[in-house]
Amino acid sequence: MTVGSCTPVPEEYLPVEAKGLVFDLDGTVLDTMRHHWDAWKQLSQEFGFSLTVEQLLGLAGKPSKEIMELLCSEQGLTHIDIPKAVERKTELYVELAGDTTVIPCVMAIAHAAKSKGMPIAIATGGNRAQVEKSLRAVDMLEGFFDAIVTCNEVTQGKPHPETFLQAAELIGIDPKDCVGYEDAPLGMQAIKAAGFLKAVDVTQMPGYPKLMP
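Oh and the sequence shown: position 16 is 16 in this note's numbering, straight run, nothing missing.
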């Protein structure tokens, strides 16, 4: 059974007790992780550091600045200008994000919630420029989500719960009445730390796409 074609959405993905939903963006609402991987690959060649697909998936949800700081620390790379590398990563991603698509099985949940008048929000570790580019590509930058929280609006990224807590606050719903949706372990930790009603791992949903080649 593919959730993207189901009406109604199964309760395990949209509990009847839920009053608000908060979604991660990359790899959850949007099939963008392949673009991020391509951008990181190019960046690693330009700046001279190493990064594998497995490492990136393990770090998914963290802001690019934190990822670069971690990689430079682990690899003893003191010569890299981290702010410049982060800026270049954003440039590379924005160049690639024009053909972004949504993940249907997750969007089915968002549409079901909106049909019930339930507020929905984005809580992402991406920066504002990347997020706006991605959402604009699928015509969802304005009018679809009731709130969008990026790494630019928080002081602590995932797995800290701040991103999800701020999103819940912006839609006016108590965290214990919110459901969070994530594709990454760090994000799942953040949802649970925020005290949400439920944390849904979208990678386990029927119809979820393979993110990496």
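Cβ coordinates follow ideal geometry from the N, Cα and C atoms, glycine included. This one's a predicted model, so the numbers in the text were calculated from it and none came from an experiment.
According to DSSP, is residue i helix, strand or coil?
i, result
"residue 39", "helix"
"residue 202", "helix"
"residue 49", "coil"
"residue 179", "strand"
"residue 90", "helix"
"residue 1", "The predicted model places residue 1 with a pLDDT of 35, which falls under 50 and marks its position as unreliable, so this point remains unresolved."
"residue 56", "helix"
"residue 11", "coil"
"residue 70", "helix"
"residue 62", "coil"
"residue 210", "coil"
"residue 6", "For residue 6, the predicted model reports a pLDDT of 43, less than 50, meaning its position is unreliable; a value from the coordinates is still stated below. Note: residue 6 maps to coil in three-state DSSP."
"residue 187", "helix"
"residue 96", "helix"
Would you say residue i and residue j are within 8 Å of each other, going by their C-beta atoms?
i, j, result
"residue 172", "residue 119", "yes"
"residue 175", "residue 157", "no"
"residue 23", "residue 110", "yes"
"residue 197", "residue 15", "yes"
"residue 121", "residue 137", "no"
"residue 163", "residue 117", "no"
"residue 35", "residue 97", "yes"
"residue 159", "residue 123", "no"
"residue 177", "residue 60", "no"
"residue 43", "residue 89", "yes"
"residue 167", "residue 9", "no"
"residue 149", "residue 170", "yes"
Just confirm the distance between the C-beta atoms of residue i and residue j, as a whole number of angstroms; I'd bet it's less than 8 Å.
i, j, result
"residue 63", "residue 127", "7 Å"
"residue 103", "residue 31", "5 Å"
"residue 200", "residue 208", "That belief does not hold up - the Cβ atoms of residue 200 and residue 208 are roughly 11 Å apart, past 8 Å."
"residue 183", "residue 28", "5 Å"
"residue 55", "residue 93", "Contact flag wrong, Cβ pair sits at about 17 Å."
"residue 71", "residue 49", "5 Å"
"residue 141", "residue 153", "No, residue 141 and residue 153 are not in contact; Cβ-Cβ is about 16 Å, not under 8 Å."
"residue 216", "residue 65", "The first residue shown for the chain is 1 and the last is 213, placing residue 216 beyond what the model contains."
Could you tell me which residues DSSP puts in a beta bridge with residue i?
i, result
"residue 30", "26, 102"
"residue 21", "120, 179"
Point to revise | Residue ranges of each alpha helix (DSSP H) within the stretch 105-160, 4 or longer | key: 128-137
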